[in-house]
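If you read the protein sequences in the order shown, they are chains W and F. Under the UniProt record's numbering, the first residue of the first sequence is numbered 1, with each subsequent residue one higher. Under the UniProt record's numbering, the first residue of the second sequence is numbered 1, with each subsequent residue one higher. Note that the Cβ used here is the ideal one computed from N, Cα and C, for glycine as well. This one's a predicted model, so the numbers in the text were calculated from it and none came from an experiment. Note sheet for the following structure.
There are 2 protein chains.
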Amino acid sequence: MNKKVKPSILAGFMELLPREQLIFNDILSKIIKVYEQNGFMPMDTPVIEKEEVLLAKAGGETEKQIYRFNKGNTPLALRFDLTVPLARFVAQYMGELTFPFKRYQIGKVYRGEKSQKSRYREFYQCDLDIIGNKELSIGNDALLISTITSVFNEIGLKGFKFLLSNRKIISGLLEELDIKEKADVFRVIDRYDKVGKDRFLQLLYNVVGEEKANVINEIISFKGTNKELISKLKNIDIENETFKAGICEIEEMILYLELFKICEEYYKIDLKIIRGLDYYTGSVFETVLEGYEKYGSICSGGRYNNLAQYYTDKNLPGVGISIGLTRLFSILKEIGFIDNYECILVTDVLIVPIGDTINYCSKVWKLLQDNGIKSEIYFEEGKLKKKLSYANTLNIKNVIIIGEDECSKGKIIYKNMVSGAQETIELEDLLLKFQNEKVMLK
Amino acid sequence: MNKKVKPSILAGFMELLPREQLIFNDILSKIIKVYEQNGFMPMDTPVIEKEEVLLAKAGGETEKQIYRFNKGNTPLALRFDLTVPLARFVAQYMGELTFPFKRYQIGKVYRGEKSQKSRYREFYQCDLDIIGNKELSIGNDALLISTITSVFNEIGLKGFKFLLSNRKIISGLLEELDIKEKADVFRVIDRYDKVGKDRFLQLLYNVVGEEKANVINEIISFKGTNKELISKLKNIDIENETFKAGICEIEEMILYLELFKICEEYYKIDLKIIRGLDYYTGSVFETVLEGYEKYGSICSGGRYNNLAQYYTDKNLPGVGISIGLTRLFSILKEIGFIDNYECILVTDVLIVPIGDTINYCSKVWKLLQDNGIKSEIYFEEGKLKKKLSYANTLNIKNVIIIGEDECSKGKIIYKNMVSGAQETIELEDLLLKFQNEKVMLK
């Protein structure tokens with residue numbers, strides 16, 4: 001037993017120490033609470049699926065990043081998002097689901113990307129999707145934005161802004177301009193923020209020529225309030241039906257957001273939003289943290305005409321959005337949000353036996369537990385100082401010390417670890433103290 | 001787009017429809033609640049780790065089952081339990097952890113076993129472990145049993161029984177009998193329940209001869225209460241120190257369980273418990289459902305002298321226990337427990353617009369949401385019947401119908417989906433109704 005393996009994890013994988021993990025889990029539980037509050041049902045799918053299922057739609061960049069391997073003769077892959085499994089799930093169990101099917105799924109996904117800051121190879125996605133049977137109201141697109149807004153408010157995150165667009169607008173515009181290289185134009189627009197305005201224009205010239213590039217650039221650069229933007233779009237002399245449908249949809253979307261009382265500072269139409277690598281067909285969403293735009297989108301999504309087309313002939317339009325929680329968490333760490341996050345403690349009370357008092361300590365512990373007070377006994381031998389230091393490092397605010405004297409008198413020593421104050425009291429008094437505090441803390 | 005991929009998942013993977021998923025998640029959240037109530041901190045580790053790290057300890061059966069693959073030149077593996085990652089984690093971050101380190105971890109693990117009933121290749125483990133720095137009281141072993149008891153009580157599971165043993169007892173006995181083939185004997189005892197008494201004796205004869213086999217068999221077949229068993233063990237004329245230490249430890253364990261007020265019908269000493277493939281060095285636990293013993297253990301664990309010995313020279317004794325939730329859930333389905341599980345509903349109220357009333361509906365929805373009432377709007381067009389059927393299939397008990405008439409009068413139609421009763425009321429009256437109900441439901 002002398003040769004040791006160096007304990008370490010792979011590059012690009014996140015692992016947290018207990019205090020940060022507590023915060024991560026607290027954020028996660030708030031996400032779940034809000035998702036369920038809005039009528040989404042939980043779903044869970046395997047991390048490993050048949051390669052042919054997961055790759056039915058993949059291509060290009062994504063395909064290269066996928067973890068693939070064989071077990072026996074079966075080609076397998078690790079899921080690289082939760083949308084493909086959702087499409088497969090809906091096609092597979094269609095007859096047993098109720099439509100619109102509103103589900104959330106939270107789980108880890110895998111992409112063997114080049115490891116870099118804030119980019120992880122294993123990361124949590126917190127997906128919300130709504131799948132319709134043949135039809136799906138734009139109200140659902142707005143519900144996603146509304147739900148994520150509630151999530152961010154619940155977490156206490158400020159300064160987020162949804163950037164909204166609709167692919168039909170640019171798509172229709174390109175049709176009107178008789179541009180065949182749609183995918184290339186999308187790719188160029190998608191890189192706008194990365195390359196800057198001048199380089200963007202240059203790239204666009206290269207694809208469609210100067211004249212058409214200027215038309216496109218003028219439209220995607222429109223400034224103004226959401227209402228003004230929509231009005232400008234409506235006034236453009238373009239007859240293309242897709243273009244018009246896109247404007248209609250985004251207008252309806254904005255209307256819903258107003259009905260849902262989403263503060264207008266939280267969302268903005270931005271026609272440069274494309275969601276490049278994905279195959280959205282209508283609404284597209286990204287979310288930036290104002291002042292931290294360089295980190296990119298912390299929550300993105302959009303609408304598919306036909307979510308499950310690789311698995312079924314049925315027409316199932318869907319709209320979804322996803323918080324990339326691992327990445328968001330790493331950004332929140334970097335900008336100091338996590339340091340200031342109110343830390344939730346697991347244990348309210350530590351019971352410390354001195355001498356042979358485990359009997360009485362167990363009674364006290366049981367009483368606290370029965371009253372819903374999170375408590376633990378320090379079982380190990382050692383000096384009081386060591387035992388108190390356990391409470392200290394774990395941020396446990398209340399300690400009960402029980403020596404043989406307390407034991408025989410039916411009392412306890414209560415030590416407040418914040419003030420350092422210590423007093424000998426009846427057990428019932430302590431219970432009352434905690435219960436009052438609990439009520440107060442609510 | 002005509003060639004479709006058949007939507008399906010791999011054999012040996014569990015996937016649930018929404019209603020069952022809700023129950024699964026409810027059980028999961030109760031497990032977390034009880035784990036945290038008892039002072040355990042959350043932990044999360046990557047699903048993929050370096051092969052050399054995960055295989056540092058593995059061997060034999062386990063090694064064959066592991067999912068292994070390369071990405072680039074790095075040999076990777078999927079975790080096959082949560083104990084090995086824990087050992088690695090503790091060795092890696094030792095200086096930043098507080099000992100005893102009490103953590104829980106809930107996550108999926110992977111074993112490419114032969115697919116069979118109630119055996120899954122991907123399954124959730126819900127682990128509890130306590131790691132000491134050099135020393136670790138037996139109180140911790142008892143705390144694990146106490147915590148799992150609280151979990152099962154919280155879930156409402158009846159008829160579970162912990163089977164407890166301590167490997168030192170059999171180990172010391174074998175030393176006393178001068179038997180070198182320890183591992184073989186352990187393997188034979190471990191199979192007792194599978195092969196039956198007669199075959200077991202035969203197998204034991206083959207390894208150690210008739211005389212010694214009879215001694216072993218007599219001891220592991222002791223009958224009686226826990227106290228009687230301990231007293232019988234103490235009266236055996238064996239001087240081996242390991243044997244005696246084992247008896248001491250199990251006696252102390254039982255004492256703690258009594259102090260913690262664990263009902264004696266929940267646990268029983270059973271020296272046939274070995275936990276064959278694992279490398280426990282002290283306490284070992286299994287849990288059966290009485291009447292359903294054939295399903296095997298639903299919750300197992302034990303103690304390691306030196307948890308992280310493959311990664312560090314530090315002496316870190318640990319004790320752990322784990323609920324195999326995927327397997328437990330499949331058993332609970334089979335024995336009818338899930339059918340009778342009180343179903344938690346995601347949505348309390350469905351709001352159904354009739355005609356152009358989305359404005360008013362949104363107002364009502366916002367009001368309900370602000371009062372913490374889980375509610376959703378049915379956005380799609382269609383007949384009332386179709387909309388009500390959505391509520392019906394999803395078990396939503398309350399529907400608010402809003403037509404243009406209600407809209408103009410500031411009222412709503414409330415329909416109770418259970419009784420079918422329908423009435424036109426003021427919105428405030430409805431709110432009051434729900435709030436009273438919420439209070440009552442607590």
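For this session: Report the neighbours of F/Glu176 on chain W: residues whose CB is nearer than 9 Å to its CB, in chain order.
Result: Within the second sequence, the letter at position 176 stands for residue 176 of chain F. Within chain W, not a single residue places a beta-carbon under 9 Å from that of F/Glu176; the smallest gap is close to 26 Å.
Problem set entry | Closer than 7 Å at the beta carbon, the chain F residues around residue 455 of chain W | Chain W is shown only over 1 to 442; residue 455 of chain W falls outside these bounds and no answer can be derived.
Problem set entry | W/Arg187: first and last residue of the uninterrupted alpha helix (DSSP H) it sits in | Looking up residue 187 of chain W in the first sequence gives position 187. W/Arg187 -> alpha helix (DSSP H) spans Lys182 to Asp190.
Exercise. For chain F, is any of its Cβ atoms less than 8 Å away from the one on W/Phe152?
Worked result: Mapped onto the first sequence, residue 152 of chain W falls at position 152. Answer no: the Cβ-Cβ gap between W/Phe152 and chain F never drops below 8 Å.
For this session: Give the secondary structure of F/Gly324 by DSSP, where H, G and I count as helix, E and B as strand, and everything else as coil.
Result: Sequence index remark: in the second sequence, residue 324 of chain F carries index 324 (1-based). F/Gly324: strand per DSSP, three-state reduction.
Problem set entry | First through last residue of the alpha helix (DSSP H) which encompasses F/Cys126 | Position 126 of the second sequence, counting from 1, holds the residue named residue 126 of chain F. Segment Glu122 to Ile131 is the beta strand (DSSP E) holding F/Cys126; no alpha helix (DSSP H) there.
For this session: Using a Cβ-Cβ cut-off of 8 Å, state whether F/Asp81 counts as contacting chain W.
Result: Taking the first residue of the second sequence as position 1, residue 81 of chain F is located at position 81. Under the Cβ distance rule, F/Asp81 does not count among the residues neighbouring chain W, no pair being separated by less than 8 Å.
Problem set entry | Beta carbon proximity, W/Pro317 to chain F, threshold 8 Å | Within the first sequence, numbered from 1, the residue matching residue 317 of chain W stands at position 317. Judged by the 8 Å Cβ criterion, W/Pro317 is not in contact with chain F.
For this session: Give every residue of the same chain whose Cβ lies closer than 7 Å to the Cβ of W/Gly372, excluding the five residues on either side of it in the sequence, and list them in chain order.
Result: Counting from 1 along the first sequence, the entry for residue 372 of chain W is found at position 372. The answer is none, since no qualifying residue turns up.
Exercise. Under 9 Å Cβ-Cβ, which residues of chain F neighbour W/Val352?
Worked result: The sequence position of residue 352 of chain W within the first sequence is 352, counting from 1. Simply none; closest approach about 13 Å.
For this session: Could you tell me whether the region 40-51 of chain F touches the region 91-107 of chain F, using the rule of 3 or more Cβ pairs below 8 Å?
Result: Counting C-beta pairs closer than 8 Å gives three or more between the region 40-51 of chain F and the region 91-107 of chain F, which meets the contact rule.
Problem set entry | Span separating the alpha-carbon of W/Asp190 from that of W/Ile179 | By one-based count along the first sequence, residue 190 of chain W stands at place 190. By one-based count along the first sequence, residue 179 of chain W stands at place 179. Between W/Asp190 and W/Ile179, the C-alpha separation is close to 17 Å.
Exercise. How about W/Ile216 and W/Leu204: do their beta carbons lie closer than 8 Å?
Worked result: Taking the first residue of the first sequence as position 1, residue 216 of chain W is located at position 216. Taking the first residue of the first sequence as position 1, residue 204 of chain W is located at position 204. Yes, they are a contact pair.
Exercise. Would a check of beta-carbon distances place F/Asn25 closer than 8 Å to chain W?
Worked result: Locating residue 25 of chain F in the second sequence gives position 25, where the first residue counts as 1. Chain W, which has a Cβ nearer than 8 Å to the Cβ of F/Asn25, makes this yes.
Problem set entry | Cβ-Cβ distance between W/Gln65 and W/Glu135 below 8 Å | By 1-based counting over the first sequence, the position of residue 65 of chain W is 65. By 1-based counting over the first sequence, the position of residue 135 of chain W is 135. No, the pair does not count as a contact, with Cβ atoms beyond the cut-off.
Exercise. With a CB to CB cut of under 8 Å and the five nearest residues on each side skipped, what residues in its chain are close to F/Ala213?
Worked result: Sequence index remark: in the second sequence, residue 213 of chain F carries index 213 (1-based). Within the same chain, F/Ala213 has close Cβ partners Leu201, Leu204, Tyr205 and Val207.
For this session: Taking W/Ile48 as part of the beta strand (DSSP E), name the residues at either end of that continuous run.
Result: As a working note, residue 48 of chain W is residue 48 in the first sequence. Unbroken beta strand (DSSP E) run through W/Ile48: Ile48 to Lys50.
For this session: Going by CA-CA distance only, name the one from W/Asn340, W/Asp356, W/Tyr341 and W/Val364 that's closest to W/Leu350.
Result: Within the first sequence, the letter at position 350 stands for residue 350 of chain W. Relative to W/Leu350, the option among W/Asn340, W/Asp356, W/Tyr341 and W/Val364 whose CA is nearest is W/Val364.
Problem set entry | Reduced DSSP secondary structure (H/G/I, E/B, other) of F/Met417 | The residue labelled residue 417 of chain F in the question sits at position 417 within the second sequence. Coil.
For this session: May I ask you to report which of helix, strand or coil DSSP gives F/Arg88?
Result: By one-based count along the second sequence, residue 88 of chain F stands at place 88. Three-state DSSP puts F/Arg88 in a helix.
Exercise. Which value, in whole angstroms, describes the spacing of the CA atoms of W/Thr149 and F/Thr347?
Worked result: Locating residue 149 of chain W in the first sequence gives position 149, where the first residue counts as 1. Locating residue 347 of chain F in the second sequence gives position 347, where the first residue counts as 1. Those two C-alpha atoms are separated by around 19 Å.
Exercise. F/Asn306 to W/Pro18, Cα distance in whole Å?
Worked result: By 1-based counting over the second sequence, the position of residue 306 of chain F is 306. By 1-based counting over the first sequence, the position of residue 18 of chain W is 18. Rounded to whole angstroms, F/Asn306 to W/Pro18 spans 22 Å at the Cα level.
For this session: With 7 Å as the limit, tell me which residues of the region 41-54 of chain W have their beta carbon closer than that to any beta carbon of chain F; keep them in chain order.
Result: Met41, Pro42, Met43, Asp44, Thr45, Pro46, Val47, Ile48, Glu49, Lys50, Glu52 and Val53
Exercise. Where in the region 130-165 of chain W do unbroken runs of the beta strand (DSSP E), each at least 3 residues long, occur, reported from the N-terminal end onward?
Worked result: Correct list: empty.
Exercise. What is the DSSP secondary structure of F/Lys71, reduced to helix, strand or coil?
Worked result: Counted from its first residue, the second sequence places residue 71 of chain F at position 71. Here F/Lys71 sits in strand by DSSP.
For this session: Figure out for me which residue from F/Gln369, F/Ile354 and F/Asp370 has the closest Cα to the Cα of F/Lys386.
Result: On the second sequence, position 386 is the one that residue 386 of chain F refers to. Of the residues F/Gln369, F/Ile354 and F/Asp370, the one whose Cα lies closest to the Cα of F/Lys386 is F/Ile354.
For this session: May I ask you to verify whether the region 297-316 of chain F touches the region 3-23 of chain W, counting CB pairs closer than 8 Å and requiring at least 3?
Result: yes
Exercise. Since W/Ile377 and F/Gly139 are thought to touch, with beta carbons under 8 Å apart, how far apart are those beta carbons, to the nearest angstrom?
Worked result: The count along the first sequence starts at 1 and reaches residue 377 of chain W at position 377. The count along the second sequence starts at 1 and reaches residue 139 of chain F at position 139. Confirmed, Cβ separation roughly 7 Å.
Exercise. Got a sec? Which residues, its chain only, sit under 8 Å from F/Leu367 by beta carbon, not counting five neighbours each side?
Worked result: Residue 367 of chain F sits at position 367 when you count from the first residue of the second sequence. Excluding positions up to five away in sequence, the list reads Leu427 and Leu431.
For this session: Would you mind giving the Cβ-Cβ distance between F/Thr326 and F/Phe123, rounded to the nearest angstrom? I have them listed as a contact below 8 Å.
Result: Position 326 of the second sequence, counted from the first residue, corresponds to residue 326 of chain F. Position 123 of the second sequence, counted from the first residue, corresponds to residue 123 of chain F. Rounded, the Cβ-Cβ distance is 4 Å, consistent with contact.
Problem set entry | Near-chain W residues of the region 90-102 of chain F - C-beta to any C-beta below 7 Å | Of all residues in the region 90-102 of chain F, only Ala91, Gln92, Tyr93, Glu96, Thr98 and Pro100 place a beta-carbon less than 7 Å from a beta-carbon of chain W.
For this session: Measure how close the beta-carbons of F/Gly302 and F/Gly282 come, nearest whole angstrom, since I'm counting them as under 8 Å.
Result: By 1-based counting over the second sequence, the position of residue 302 of chain F is 302. By 1-based counting over the second sequence, the position of residue 282 of chain F is 282. Contact flag correct, Cβ pair sits at about 7 Å.
For this session: Ignore the nearest five residues each way along the sequence and tell me which others in W/Leu97's own chain have a CB closer than 7 Å to its CB.
Result: Position 97 of the first sequence, counted from the first residue, corresponds to residue 97 of chain W. For W/Leu97, the CB contacts under 7 Å within the same chain, skipping 5 residues up- and downstream, are Val90 in chain order.
Exercise. What first and last residue would you give for the beta strand (DSSP E) that runs through F/Pro353?
Worked result: Against the second sequence, residue 353 of chain F aligns to sequence position 353. Run containing F/Pro353: Val349 to Pro353, per the beta strand (DSSP E) assignment.
For this session: Please list the partners that F/Tyr280 has in chain C, where partner means a Cβ-to-Cβ separation under 8 Å.
Result: In the structure shown, chain C cannot be found, because the protein chains are W and F.
Problem set entry | Chain-order list of residues whose beta-carbon lies under 7 Å from that of W/Lys234 (same chain, five-residue window excluded) | Counted from its first residue, the first sequence places residue 234 of chain W at position 234. If we look at W/Lys234 and ignore the five residues flanking it on each side, its Cβ neighbours are Ile247.
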